[in-house]
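Chains A and B, in that order, give the protein sequences. Per our numbering, residue 149 is the first one in the first sequence, and the count goes up by one each step. Per our numbering, residue 1457 is the first one in the second sequence, and the count goes up by one each step. Where is the CB? At the ideal position from N, CA and C, for every residue including glycine.
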Amino acid sequence: AQSVTQLDSHVSVSEGTPVLLRCNYSSSYSPSLFWYVQHPNKGLQLLLKYTSAATLVKGINGFEAEFKKSETSFHLTKPSAHMSDAAEYFCVVSDRRTGANNLFFGTGTRLTVIP
Amino acid sequence: GAVVSQHPSWVICKSGTSVKIECRSLDFQATTMFWYRQFPKQSLMLMATSNEGSKATYEQGVEKDKFLINHASLTLSTLTVTSAHPEDSSFYICSVGAGPTYEQYFGPGTRLTVT
């Protein structure tokens, strides 16, 4: 069975400081992993995805995530936070065996950026 | 990635009336679309999988007679909330499953308020 745990419901950082949003997953099969961002009253935008190629994945807006199988983690990082990064972030896992019909969402992490 | 639109972006209706929400895949022929609902400060909950030319597949606990889904073409799926009640007030988001890596591309969402 697949599941995702986002360890922090809320993260607050100062502008210009690093961002770390934590995600641990559970998957019976080789997972695909995604990070999506949602700004208020907006749909979800794909930040990056891991699908079995390079374990360090670079996404849009300077975000990246590292797939660590031994730790079952897929933490999202950014070297320097920008005010526009304030949003809700969702870690998502899918089972590549069954595909897109089975996306499992984490509960989300709200990122606040302090000027 | 696929570009997905939703209409309307925001709708207010009276209790007992029906509301139709459209989801369009603008640049991708989508045989499968997904409908989610999201309550405030919560994650997305999959309601149903919409299959072009056939009946939708509903998740457990979702009333198919209340949430009518029609996927008559490869670019359009509609969700009709029938006999709406205030507890149906929510943010409804559709998505398109695309590509071999199983990511989904999300519409901007529709906020439904039932008074």
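Can you check DSSP and say which residues form a bridge with B:F1425?
-> Since the displayed chain B opens at 1457 and closes at 1571, residue 1425 of chain B lies outside it and no answer follows.
Using the Cα positions of B:H1527 and B:S1506, report the straight-line distance between them to the nearest angstrom.
-> 6 Å
Report the three-state DSSP secondary structure of B:P1542 (helix, strand or coil).
-> B:P1542 sits in a helix when the DSSP states are folded into three classes.
Are at least three pairs of beta-carbons, each pair with one atom in the stretch 184 to 199 of chain A and one in the stretch 221 to 241 of chain A, less than 8 Å apart?
-> yes
B:P1564 versus A:Y184: straight-line alpha-carbon distance, rounded = 13 Å
What did DSSP end up calling B:S1506 once you bin it into helix, strand or coil?
-> strand
Sheet register partners of A:R170 (DSSP bridge) | DSSP output for A:R170 lists no bridge partner at all.
Quick one: which chain A residues come within Cβ less than 7 Å of B:R1567?
-> N189
Looking at C-alpha atoms only, which residue of A:H187, A:H230, A:S180 is the closest neighbour of A:N209?
-> Comparing Cα-Cα distances from A:N209 to each of A:H187, A:H230, A:S180, the minimum goes to A:H230.
Looking only at C-alpha atoms, which of B:P1496, B:Q1462, B:V1475 sits nearest to B:S1481?
-> B:Q1462
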